[in-house]
Amino acid sequence: MPTAWETDYTETFHHHSYPAISPTRPELSAAGKTVFISGGGRGLGTGIVDAFAQAGAKILIILGRNAATLQAVAERTEAAHPAIKVHTIAGDVSREADLARAFAEVKKIAPSGIDVFVANAGVLPTITPIRPAVDANSEDTKSDDAYITEWWRGWEVNVKGVFLQARHFLATAAPNAVFLNISAGAGHINPVFPGFSAYASSKLGAARVVETLQAENPGFRFNNIQPGVVETEMLEASDILTYGLPVDDLNLPGHFLVWLASPEAEFLKGKYVWANWDVDELKARKDEISAPNRLVSGLVGWA
């Protein structure tokens with residue numbers, strides 16, 4: 002694992018929010034908009050909820066597996082922003098039945114459709130090398146079965162979950178809506194990181210799903226985002242934070258997403274971006290970035 006993920010796509014690599022992406026900028030206003038955020042009850046989700054609340058969203062809908070944590074976020078957000086209504090829905094993004102029930106509620110809450118959809122829910126399976134198969138008669142079969150189940154859970158949530166959420170986005174999206182998928186640098190940084198096979202492959206797979214959605218639905222905007230390295234419960238449960246990577250402030254990804262959902266970022270339609278990159282530098286390279294092979298997944302060394 003390298004000691005830094007910093008890339009040189011923009012000369013400035015941010016670890017904290019800055020004025021250009023401030024959610025209180027009038028140009029980035031989310032006034033009148035309905036924003037849906039999965040995984041909104043913990044980690045990055047709480048910062049994303051707060052950012053869109055600061056941007057003046059009309060309605061926030063947050064989905065997660067723990068109803069109590071969702072309610073706590075909703076109460077805290079409404080107390081700080083009395084003009085905003087926060088709706089909570091408990092559910093697992095990897096289960097179609099949960100999402101079907103959730104979006105039946107969404108259609109009642111926001112009959113005009115979702116303006117900004119943030120697919121933030123995700124899991125980080127245990128970081129471990131791919132293990133050799135064990136003999137069927139081995140005493141380790143139960144442990145091995147658990148390992149396989151956890152590895153595949155990464156794909157169930159990070160790929161299938163994005164696929165299912167995207168289907169419901171397409172069914173409930175307002176005109177010119179934006180779909181923002183929270184990805185991870187582990188999915189595309191080279192050299193690959195040993196032990197990250199489940200997480201990296203699932204995040205890369207989901208990114209390609211999102212790029213396909215953009216090709217199929219030019220009337221909407223889809224983006225993949227590396228949100229940074231933030232001290233969330235998910236990362237703390239792994240050993241990533243012991244690798245010496247520079248840590249980012251919780252506000253950075255949320256504020257960046259507010260900017261990304263705004264008209265200022267329209268030129269990034271279909272692109273994969275890092276929340277750490279400087280948005281003014283990105284805007285200055287608008288013509289370069291608009292090329293089909295820029296900031297998308299592909300094969301390194303082959304145009």
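Residue numbers (our numbering): 2 to 304.
Backbone N, C-alpha and C define an ideal beta-carbon position, used for all residues, glycine too.
All values derive from a computational prediction rather than experimental measurement.
Residue i versus residue j: straight-line alpha-carbon distance, rounded
| i | j | result |
| --- | --- | --- |
| V36 | H169 | 14 Å |
| D51 | L45 | 10 Å |
| R154 | R209 | 18 Å |
| T4 | G65 | Caution is warranted here: a pLDDT of 42 is assigned to T4, below 50, making its placement in the model unreliable, and no coordinate value can be reported. |
| Y10 | W275 | 9 Å |
| L296 | L283 | 11 Å |
| R26 | V117 | 18 Å |
| V231 | G48 | 10 Å |
| A98 | S39 | 15 Å |
| A54 | H82 | 7 Å |
| L246 | A134 | 32 Å |
| L29 | E106 | 28 Å |
| A279 | D288 | Correcting the residue type first, residue 279 is Asp in the shown sequence and not Ala. Their Cα atoms are separated by approximately 16 Å. |
| F268 | I149 | 41 Å |
| I85 | D145 | 47 Å |
| L261 | Q166 | 19 Å |
| P192 | G206 | 17 Å |
| E234 | I190 | 23 Å |
| T13 | G92 | 38 Å |
| K204 | S291 | 23 Å |
| P195 | F257 | 29 Å |
| I131 | K108 | 42 Å |
| T213 | T142 | 38 Å |
| G302 | I22 | 33 Å |
| V266 | R286 | Sequence inspection shows Ala at residue 266; the Val mentioned does not correspond to that position. Spanning the two alpha carbons is a distance of roughly 12 Å. |
| P264 | P112 | 23 Å |
| R43 | R77 | 13 Å |
| S139 | T129 | 21 Å |
| S298 | D136 | 38 Å |
| G220 | L171 | 11 Å |
Residue interval of the alpha helix (DSSP H) (run including residue i)
| i | result |
| --- | --- |
| L251 | No alpha helix (DSSP H) contains L251, which DSSP labels as neither H nor E. |
| R168 | 162-173 |
| T150 | 142-156 |
| G206 | 198-217 |
| D116 | Per DSSP, D116 belongs to no alpha helix (DSSP H); it is in the beta strand (DSSP E), 115-120. |
| R378 | Limits of the chain in this structure are 2 at one end and 304 at the other, which puts residue 378 out of reach. |
| V308 | Only positions 2 to 304 of the chain appear in the structure, and residue 308 is not among them; the question remains open. |
Test item: CB-CB of residue i and residue j under 8 Å
| i | j | result |
| --- | --- | --- |
| N218 | Y273 | no |
| Q227 | G186 | yes |
| A174 | G255 | no |
| V259 | P24 | yes |
| A120 | V87 | no |
| V305 | V158 | Residue coverage of the chain in this structure runs from 2 to 304, which leaves residue 305 outside it and unanswerable. |
| I110 | I63 | no |
| S18 | D281 | no |
| R222 | V179 | yes |
| V211 | N182 | yes |
| H15 | N294 | no |
Anticipated Cβ contact below 8 Å, residue i with residue j, distance rounded
| i | j | result |
| --- | --- | --- |
| E90 | A103 | Residue identity check: residue 90 is Ile in the sequence provided, not Glu. That pair is a contact at about 5 Å. |
| G57 | A32 | 4 Å |
| G271 | L253 | With 8 Å as the limit, G271 and L253 do not qualify as a contact, their Cβ atoms being about 23 Å apart. |
The beta strand (DSSP E) enclosing residue i, as first and last residue numbers
| i | result |
| --- | --- |
| V87 | 86-91 |
| G65 | 60-65 |
| F223 | 222-227 |
| V107 | Where V107 is concerned, there is no enclosing beta strand (DSSP E), although the alpha helix (DSSP H) it sits in stretches over 97-110. |
| F37 | 35-39 |
Any chain C beta carbon closer than 8 Å to residue i
| i | result |
| --- | --- |
| D250 | As a matter of chain content, chain C is missing from the structure shown, which is built from one protein chain. |
Practice task
Specify whether the region 119-129 and the region 197-213 touch according to this definition: at least 3 beta carbon pairs, one from each stretch, less than 8 Å apart.
Solution key: Touching, per the Cβ criterion.
Exercise for the section: Decide if the region 67-74 is in contact with the region 149-167; the criterion is three or more beta carbon pairs, one per stretch, under 8 Å apart. Expected result: No, because fewer than three Cβ pairs between the region 67-74 and the region 149-167 fall closer than 8 Å, the two stretches do not touch.
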